[in-house]
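Undergrad:
Numbering (the numbering used here), first residue to last: 216 to 488.
Next comes the structure, spelled out in structure tokens:
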């Protein structure tokens, strides 16, 4: 499934593997002028190709190396001659997607990307009449960037924002680092968030601050119970409830327990340099 809608000069591509009316964990990619931000999963390659009919694509920027963001890099490079920009640490994964070591659910839901040849993303990326600043934004992955258009107040957050509240964390995510990055981003002029999970989120600054408050409150409650001697599993059940379908399907790659463990073990964020 690929569905395209226009938000001002930004084309929003919502895509994902569909089973009847059910879309398995859809993701969003965005186009401004002749440039794309992320390329979606390989599983929708044919539909994505059809959706791009009549467009010109000069460049694609990956916010990070995960398979649901880089899946159609190869298509754009082979068939459109597009240059692929990505954070330097992501480039080996683009060249050799087997380094991703995808789990069964990832192969089923999104598929393994075709290889592509990427270049380090420049500090400023021109997209049509817009200049977007690339900002190091670790937490979801270490080599993650966001893109900010200061004149319009646009912030393309990749997988860093993903909603004001959440319960599940990926095994390799760092809760404190996500929180620290969000605080930095909240200082930017942000009218609209373009989120890979949620799509277009208006009132971007308020949304960022709301998520920061949620995360600070949850961290405080987790650490309070931890200091009182509660086990991580007991803390999880009390504050976030029992594990759900996502934990089962992903084999624990995403879980509520991951959230609690990351808070307990990563209370001091890594340097953002």
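Note that CB positions come from ideal geometry on N, CA and C, so glycine has one too.
In terms of residue numbering, what span does the alpha helix (DSSP H) encompassing residue 473 cover?
TA: Start and end: 471-480.
Undergrad: Tell me where the alpha helix (DSSP H) around residue 291 begins and ends.
TA: Start and end: 288-295.
Undergrad: Could you give the distance in angstroms between the alpha-carbon of residue 276 and the alpha-carbon of residue 251?
TA: About 6 angstroms.
Undergrad: Leaving out five residues on either side along the sequence, give the residues of the same chain with a beta carbon under 8 angstroms from the beta carbon of residue 282.
TA: Cβ within range, chain order: 256, 257, 312, 315, 317, 321, 325, 326, 327, 328.
Undergrad: On a Cα-Cα basis, can you pick out the residue from 439, 458, 308, 370 that is closest to residue 289?
TA: When each option's Cα is compared against that of residue 289, the closest is 308.
Undergrad: Identify the continuous beta strand (DSSP E) that holds residue 364 and give its terminal residues.
TA: First-last of the beta strand (DSSP E) with residue 364: 360-364.
Undergrad: For residue 331, which of helix, strand or coil comes out of DSSP?
TA: Of the three classes helix, strand and coil, the one that applies to residue 331 here is coil, per DSSP.
Undergrad: What's the gap between the Cα of residue 441 and the Cα of residue 447?
TA: When rounded, the distance between both Cα atoms is 7 angstroms.
Undergrad: Among 417, 422, 295, 253, which residue has its Cα nearest to the Cα of residue 268?
TA: Measuring from the Cα of residue 268, the nearest candidate turns out to be 295.
Undergrad: In chain order, what residues of the same chain have a beta carbon less than 6 angstroms from the beta carbon of residue 476, not counting five sequence neighbours either side?
TA: Here the set comprises 447.
Undergrad: Nearest-angstrom Cα distance between residue 218 and residue 262?
TA: Roughly 9 angstroms between the two C-alpha positions.
Undergrad: Sorted by chain position, which residues of the same chain lie with C-beta nearer than 8 angstroms to residue 319's C-beta, five sequence neighbours on each side aside?
TA: Cβ within range, chain order: 466.
Undergrad: Helix, strand or coil, according to DSSP, for residue 336 in the structure here?
TA: Residue 336 falls in the coil class under three-state DSSP.
Undergrad: Flag residue 422 as yes when its Cβ comes closer than 6 angstroms to any non-hydrogen atom of the ligand SAM, and as no otherwise.
TA: As far as ligands go, the structure on display features none, and thus does not contain the ligand SAM.
Undergrad: Less than 7 angstroms between CB atoms is the rule here; does residue 245 satisfy it with respect to chain B?
TA: The displayed structure is made up of one protein chain only, and chain B is not part of it.
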